Amino acid sequence: MHRFPRLRLAPLALAWLIPSAAQAYYPCNGPGPGEVLIGVDPGGNGVAPTPLCEFVGEEGAGGYSAPGGSWVDQYATIVWGTDTTGAPTYSWYINASSQAEADNGALAQCQASGFRDCRIAMGVTNGAIAVAIDSSGSLHTDWGEDARQAKKKALRFCKKQGGKGCKIERVLESPAAWVSN
Numbered sequence: 463m464h465r466f467p468r469l470r471l472a473p474l475a476l477a478w479l480i481p482s483a484a485q486a487y488y489p490c491n492g493p494g495p496g497e498v499l500i501g502v503d504p505g506g507n508g509v510a511p512t513p514l515c516e517f518v519g520e521e522g523a524g525g526y527s528a529p530g531g532s533w534v535d536q537y538a539t540i541v542w543g544t545d546t547t548g549a550p551t552y553s554w555y556i557n558a559s560s561q562a563e564a565d566n567g568a569l570a571q572c573q574a575s576g577f578r579d580c581r582i583a584m585g586v587t588n589g590a591i592a593v594a595i596d597s598s599g600s601l602h603t604d605w606g607e608d609a610r611q612a613k614k615k616a617l618r619f620c621k622k623q624g625g626k627g628c629k630i631e632r633v634l635e636s637p638a639a640w641v642s643n
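Numbering (our numbering), first residue to last: 463 to 643.
Structural data, given as structure tokens:
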């Protein structure tokens with residue numbers, strides 16, 4: 463009968479087998495809903511500094527709650543109208559606390575500017591609205607979770623509608639806001 467020698471491993475040698483707690487922070491592009499910025503990794507060796515975030519809360523009614531504050535939804539609306547020469551134009555209202563406030567604010571701004579035929583074109587919650595204009599002066603809009611996505615979608619919509627020479631004229635951002643307790 464052949465006997466294998468008994469192995470005696472130091473407890474530290476087996477430490478890699480024991481699960482450890484996950485890091486509470488992670489690289490991010492800035493805090494989003496349910497997150498807070500806890501610091502910045504300085505980077506180095508050609509690597510840019512990176513923000514570090516931590517998840518602190520779960521989604522709740524009307525926002526995200528966490529110790530020390532909460533995320534609050536922000537609303538935006540864009541309104542189409544025509545100016546005194548009959549050319550298409552627009553007004554907007556951003557960072558409102560409700561969609562009704564954003565809608566009413568944008569319509570009021572349109573009318574206060576002396577525009578006619580004011581009508582709601584689009585609203586967004588915690589996002590961005592981009593306005594594209596084509597070479598004929600027609601306006602087109604679309605929304606996205608951020609400015610980049612909204613621009614891309616607005617240009618695509620402008621071209622899909624037959625617009626030539628489409629370019630972004632304006633981006634309206636209305637991201638969720640952190641409100642401290």
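C-beta atoms are modelled at their ideal positions from N, C-alpha and C, and glycine is treated no differently. Quantities reported herein were computed from a predicted structural model and do not represent experimental measurements.
Who are the near neighbours of residue i in its chain, counting only those whose CB is closer than 7 Å to its CB and skipping five residues on each side?
i: residue 643; result: 530 and 531
i: residue 515; result: 487, 488, 490, 493, 497, 498, 499 and 500
What does the Cβ neighbour count give for residue i, buried or exposed, with the cut at 16 atoms within 10 Å?
i: residue 637; result: buried
i: residue 562; result: exposed
i: residue 588; result: buried
i: residue 501; result: exposed
i: residue 606; result: buried
Taking just the CA atoms, how far does residue j sit from residue i?
i: residue 494; j: residue 547; result: 43 Å
i: residue 513; j: residue 608; result: 18 Å
i: residue 545; j: residue 504; result: 50 Å
i: residue 601; j: residue 579; result: 15 Å
i: residue 592; j: residue 517; result: 29 Å
i: residue 630; j: residue 615; result: 10 Å
i: residue 556; j: residue 603; result: 15 Å
Excluding sequence positions up to five away, which residues of its chain have a Cβ less than 6 Å from the Cβ of residue i?
i: residue 554; result: 540, 568 and 634
Excluding sequence positions up to five away, which residues of its chain have a Cβ less than 8 Å from the Cβ of residue i?
i: residue 549; result: 599
i: residue 536; result: 556, 557, 558, 559, 587, 588, 636, 637, 638 and 639
Touching by the beta-carbon criterion (3+ pairs, under 8 Å), the stretch 623–638 and the stretch 594–608 | yes
Mind the definition here: the stretch 555–570 touches the stretch 605–622 only if three or more C-beta pairs lie below 8 Å; say whether that holds.
-> no
Uninterrupted alpha helix (DSSP H) stretches inside the stretch 538–621 (no shorter than 4 residues) | 561–574
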